[in-house]
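> Below: one structure in structure tokens.
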Amino acid sequence: MPELPEVEIIARSLQEGTNEFPGLPGQMITEVEVFWGRTLEHPSPRRFKKRIVGQVITNIRRRGKFIVIELSVDTMLFHPRMSGDLRLGRSDQELGKHVRLAIHTDAGYQLAFNNPRKFGRVWLLENPNTVLDKLGPEPLDPEFSLETFYKSLVQRKRQIKPLLLDQGFIAGLGNIYADEALHLAKIHPFTRSNNLLEVQARDLFNGIQAVLLEGIRRNGASIDWVYQGGDFQNYFRVYQRTGEPCPECNTPIARIVVGQRGTHICSTCQILPG
DNA sequence: AGGGAAACCCGAACGC
DNA sequence: TGCGTTCGGGTTTCCC
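With our numbering, the residue at position 201 of the first sequence is 208, and numbering never jumps.
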């Protein structure tokens, strides 16, 4: 087995092309510590422990915002929500002040789910597709085409921003990425999806991919003490830049609320039709 | 069908 | 200094 680093913080979203942790596949689960029971969405802590011990980790991947850890029999799903991360270290290390679940292996390692806000959830399922099949397409999947995207936009009649955040419509976009993509595409977040022109759909399609790729390249964003990642926050165009100049036209960025979510726009670049 | 509100959390950052 | 209030992130659930 390759040597593991002291502590590896597994990215909030597994990066494309790096969705593996050297050495972890092949290790057998020997012990589970549940520090906060409600972390487990399914099954109960007792059943979780009983069922998972003895299973071997076979593969790790990502689908939408879920980290998917395949075992010899079942599959574990981790959803960090906004404040969680998955940490890999030696069994005897303390991997965080807010570890809610720790899974130890026969190789002396532990996988710890650190989750200060207690919003993150974990599932152990025989068939993970009961959850994952509800997700929309992966925006970076080569199968995901502009044609598909445009058709799916037009057949709904929703405000575009809440639609982008709907994981059943498209998987993986959060508040930061939705705001950034809409600004790149010069689309107002209130715009009805069925009113989007084909060229706007194209710009949005490209904007979504561009902003995701940049986020991945910069290892994500760090926007408060609990949401630590890379340095993408230094390159935001609109998100949390209220009052600062739009990178395109210098108009001060405005903050509005759309679908109960803080939303950042340039009122010059992003015009609501009609 | 779509949208609004509330609930789940808790530490930081504020106001007084 | 301390105490109370507000805020935000993603998702589900309930209600209009």
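All residues carry an ideal CB built from backbone N, CA and C; glycine is no exception.
Since we're looking at a predicted model, the values are computed, not measured.
#1: Out of Phe55, Glu38, Thr37, Ile36, which has the shortest C-alpha to C-alpha gap to Arg45?
#2: Taking all protein chains shown into account, do 16 or more other C-beta atoms lie within 10 angstroms of the C-beta of Val80, making it buried, or fewer, making it exposed?
#3: Please tell me whether Phe212 and Leu153 are closer than 9 Å, where the distance is taken between their beta carbons.
#4: Per DSSP, which residues does Phe85 bridge with? Please list them.
#5: In terms of residue numbering, what span does the beta strand (DSSP E) encompassing His49 cover?
#6: Can you tell me whether Asn241 is buried or exposed? The criterion is at least 16 other CB atoms within 10 Å of its CB, across all chains shown.
#7: Just tell me which of Arg88, Val63, Ser90, Ser98 has its CA closest to the CA of Glu310.
#8: Between Arg107 and Ile67, what straight-line distance do the alpha-carbon atoms span, to the nearest angstrom?
#9: Leaving out five residues before and five after Ile263 in sequence, what residues of the same chain have Cβ atoms less than 7 Å from its Cβ?
#10: Assuming Ile177 and Gly222 make a contact with CB atoms under 8 Å, what is their CB distance in whole Å?
#11: What are the boundary residues of the beta strand (DSSP E) that Gln166 is part of?
#12: Tell me the DSSP bridge mates of Thr270?
#13: To the nearest angstrom, how far is it from the Cα of Ala185 to the Cα of Ile36?
#14: Pull up the distance between the alpha-carbon of Leu147 and that of Leu220, whole angstroms please.
#15: Am I right that Gly214 and Ala192 are in contact with their C-beta atoms under 8 Å? What's the rounded C-beta distance?
#16: Would you report the Cα separation of Pro9 and Gly281, rounded to the nearest angstrom?
#17: Please confirm whether Leu170 and Leu160 have their CB atoms less than 9 Å apart.
#18: Is the number of C-beta pairs between the segment 121-136 and the segment 95-107 that are closer than 8 Å three or more?
#19: Relative to the C-alpha of Pro259, which residue among Cys276, Phe156, Arg128, Val265 is closest?
#20: Within the continuous alpha helix (DSSP H) that includes Tyr234, where are the two ends?
#21: With distances taken Cα to Cα, identify the nearest neighbour of Glu40 among Ile194, Ile59, Asn257.
#22: Write down the C-beta distance between Leu131 and Pro50 rounded to the nearest angstrom, noting that I regard them as a contact closer than 8 Å.
#23: Going along the chain, which residues of its own chain have a beta-carbon closer than 6 Å to the beta-carbon of Asp238, five neighbours each way excluded?
#24: Is it the case that the CB of Arg225 approaches a heavy atom of the ligand PLP more closely than 8 Å?
#25: Quick one: is Glu187 buried, meaning 16 or more other Cβ sit within 10 Å of its Cβ, or exposed?
#26: How should Tyr231 be labelled, buried or exposed, when 16 other C-beta atoms within 10 angstroms of its C-beta is the threshold for buried?
#27: Quick check on DSSP: helix, strand or coil for Leu108?
#28: Compute the beta-carbon to beta-carbon distance between Pro135 and Thr82, rounded to the nearest angstrom, for a pair I have assumed lies under 8 Å.
#29: Is it true that the CB of Ser200 sits closer than 9 Å to the CB of Gln166?
This is what the structure holds:
#1: Position 38 of the first sequence, counted from the first residue, corresponds to residue 45. Answer by Cα proximity: Phe55.
#2: What you label residue 80 is simply residue 73 of the first sequence in a count that begins at 1. When all chains shown are included, Val80 counts as exposed.
#3: Looking up residue 212 in the first sequence gives position 205. Looking up residue 153 in the first sequence gives position 146. Yes, they are a contact pair.
#4: Taking the first residue of the first sequence as position 1, residue 85 is located at position 78. According to DSSP, which records beta bridges pairwise, Phe85 is partnered with Ile74, Val129.
#5: By one-based count along the first sequence, residue 49 stands at place 42. Element bounds for His49: 47-49.
#6: As a working note, residue 241 is residue 234 in the first sequence. By the Cβ-count criterion, Asn241 is exposed, with fewer than 16 other Cβ atoms from all chains shown falling within 10 Å of its own Cβ.
#7: No answer is possible for residue 310: the residues shown for the chain start at 8 and end at 281.
#8: Taking the first sequence and counting its residues from 1, one reaches residue 107 at position 100. Taking the first sequence and counting its residues from 1, one reaches residue 67 at position 60. So the alpha carbons of these two residues sit roughly 20 Å apart.
#9: As a first step, residue 263 is located in the first sequence; it is residue number 256 there, counting from the start. Within the same chain, Ile263 has close Cβ partners Thr270, Ile272.
#10: Position 170 of the first sequence holds residue 177. Position 215 of the first sequence holds residue 222. Ile177 to Gly222, Cβ: 15 Å. No contact.
#11: The residue you call residue 166 lines up with position 159 of the first sequence. Element bounds for Gln166: n/a, residue is neither H nor E.
#12: Sequence index remark: in the first sequence, residue 270 carries index 263 (1-based). DSSP lists Ile263 as partners of Thr270.
#13: Counting from one through the first sequence, the residue named residue 185 turns up at place 178. Counting from one through the first sequence, the residue named residue 36 turns up at place 29. Distance between the alpha carbons of Ala185 and Ile36: 38 Å.
#14: Reading the first sequence from its first residue, position 140 is the one you call residue 147. Reading the first sequence from its first residue, position 213 is the one you call residue 220. Straight-line Cα distance between these residues: approximately 8 Å.
#15: Translated into positions along the first sequence, residue 214 becomes position 207. Translated into positions along the first sequence, residue 192 becomes position 185. Going by Cβ atoms, the distance from Gly214 to Ala192 rounds to 4 Å, so yes, they are a contact pair.
#16: Taking the first sequence and counting its residues from 1, one reaches residue 9 at position 2. Taking the first sequence and counting its residues from 1, one reaches residue 281 at position 274. Note that Pro9 scores 42 on pLDDT, short of 50, meaning its location in the model is unreliable; the coordinates nonetheless yield the value given after this. C-alpha separation (whole angstroms): 60 Å.
#17: For the purposes of this step, residue 170 is taken as the residue at position 163 of the first sequence. For the purposes of this step, residue 160 is taken as the residue at position 153 of the first sequence. In this structure, Leu160 lies closer than 9 Å to Leu170 by Cβ.
#18: Below 8 Å, enough C-beta pairs join the segment 121-136 and the segment 95-107 to call them touching: three or more.
#19: Taking the first residue of the first sequence as position 1, residue 259 is located at position 252. With distances taken between Cα atoms, Pro259 lies closest to Cys276.
#20: Within the first sequence, the letter at position 227 stands for residue 234. No alpha helix (DSSP H) holds Tyr234; DSSP gives it neither H nor E.
#21: On the first sequence, residue 40 is found 33 positions in, with the first residue counted as 1. Out of Ile194, Ile59, Asn257, Ile59 has the C-alpha closest to the C-alpha of Glu40.
#22: Counted from its first residue, the first sequence places residue 131 at position 124. Counted from its first residue, the first sequence places residue 50 at position 43. Indeed, because the Cβ distance is near 6 Å, the residues count as touching under 8 Å.
#23: Taking the first residue of the first sequence as 1, we reach residue 238 at position 231. These residues qualify, in order along the chain: Arg225.
#24: The ligand content of the structure shown is nil, which means the ligand PLP is not present either.
#25: In the first sequence, the residue the question calls residue 187 occupies position 180. Classification of Glu187: buried, given that the 10 Å Cβ count is 16 or more.
#26: Taking the first residue of the first sequence as position 1, residue 231 is located at position 224. The sequence given here has Asp at residue 231, not Tyr. Exposed, because fewer than 16 other Cβ atoms sit within 10 Å of the Cβ of Asp231.
#27: Reading the first sequence from its first residue, position 101 is the one you call residue 108. The answer is strand: DSSP assigns Leu108 an E or B state.
#28: In the first sequence, residue 135 corresponds to position 128, counting from 1. In the first sequence, residue 82 corresponds to position 75, counting from 1. Between Thr82 and Pro135 the Cβ distance is about 4 Å, and since that is below 8 Å, they are a contact.
#29: Locating residue 166 in the first sequence gives position 159, where the first residue counts as 1. Locating residue 200 in the first sequence gives position 193, where the first residue counts as 1. Yes.
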